[in-house]
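Peer 1: Submitted below is the structure of interest, expressed as structure tokens.
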Ligand SMILES: [Zn+2]
């Protein structure tokens, strides 16, 4: 297993749309393992393949406290969404920024697991937020795009400054 570098907003590669996975092979399993390791090390509760510059529809999530409930969503699709909730979100690609975003309160998602088996899952609360946030990544969307233009440009400036300082 290996930790993968995470793209940082406003890297243009974060705007790329991911393509569906068609082959469930050892390659995919190793991508999933590496994404999980990267997410746990960060630490974070969700990671989309887009964030590690792999533009395939793969998401890993673990919202448990003990990091023992890895959930894998391949080619995920939200098939039902109900209600609204506001939750403060953060993102491994937008470090240090936490902002409130409006999301559906309850969702039903259909996806495949790492072996290609299709499942549907009903989620609410934090897990529902996390799934919606990660699916956005696969569509080339970062959560800051829900914020006002002013906030977005402030965040961009802050992160670009951070990156210059690190370089
Ligand atoms: Zn994110």
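Numbering (the working numbering), first residue to last: 4 to 170. Every residue gets a Cβ at the ideal spot worked out from N, C-alpha and C, and that includes glycine.
1. Let me check understanding here. Comparing Cα to Cα, which of 80, 16, 81 and 26 lies closest to residue 52?
2. Is the CB-CB distance between residue 77 and residue 97 below 9 Å?
3. Only counting the same chain, and skipping five residues up and downstream in sequence, which positions put a Cβ closer than 6 Å to that of residue 5?
4. Whose C-beta lies closer than 7 Å to the C-beta of residue 39 among residues of the same chain, with five residues either side of it excluded?
5. Secondary structure at residue 68, three-state DSSP: helix, strand or coil?
6. Who does residue 84 pair with in a DSSP beta bridge?
7. So, for residue 158: in the same chain, excluding its five sequence neighbours on each side, which residues have a beta-carbon less than 6 Å away from its beta-carbon?
8. Nearest to residue 129 by CA position, among 48, 27 and 144, is which residue?
9. What three-state label does DSSP hand residue 130 in the structure shown?
10. Is it the case that the CB of residue 94 approaches a heavy atom of ligand 1 more closely than 8 Å?
Peer 2: If we stick to the structure as given:
1. If you number the chain shown from 1, residue 52 lands on position 49. Measuring from the Cα of residue 52, the nearest candidate turns out to be 16.
2. As a position in the chain shown, residue 77 is number 74, starting the count at 1. As a position in the chain shown, residue 97 is number 94, starting the count at 1. In this structure, residue 97 does not lie closer than 9 Å to residue 77 by Cβ.
3. Counted from its first residue, the chain shown places residue 5 at position 2. Result list for residue 5: 37, in chain order.
4. Counting from 1 along the chain shown, the entry for residue 39 is found at position 36. Closer than 7 Å at Cβ, skipping near neighbours: 63 and 73.
5. Translated into the one-based positions of the chain shown, residue 68 becomes position 65. Here residue 68 sits in coil by DSSP.
6. Position 81 of the chain shown, counted from the first residue, corresponds to residue 84. Note: residue 84 sits in a beta bridge opposite 110.
7. As a working mapping, residue 158 is identified with position 155 in the chain shown. So the list reads 100 and 147, once near-sequence residues are dropped.
8. Residue numbering aside, residue 129 sits at position 126 when the chain shown is read from its first letter. Selected option, being the one with the closest Cα: 48.
9. As a working mapping, residue 130 is identified with position 127 in the chain shown. Residue 130: helix per DSSP, three-state reduction.
10. Taking the chain shown and counting its residues from 1, one reaches residue 94 at position 91. Indeed, a heavy atom of ligand 1 lies less than 8 Å from the Cβ.
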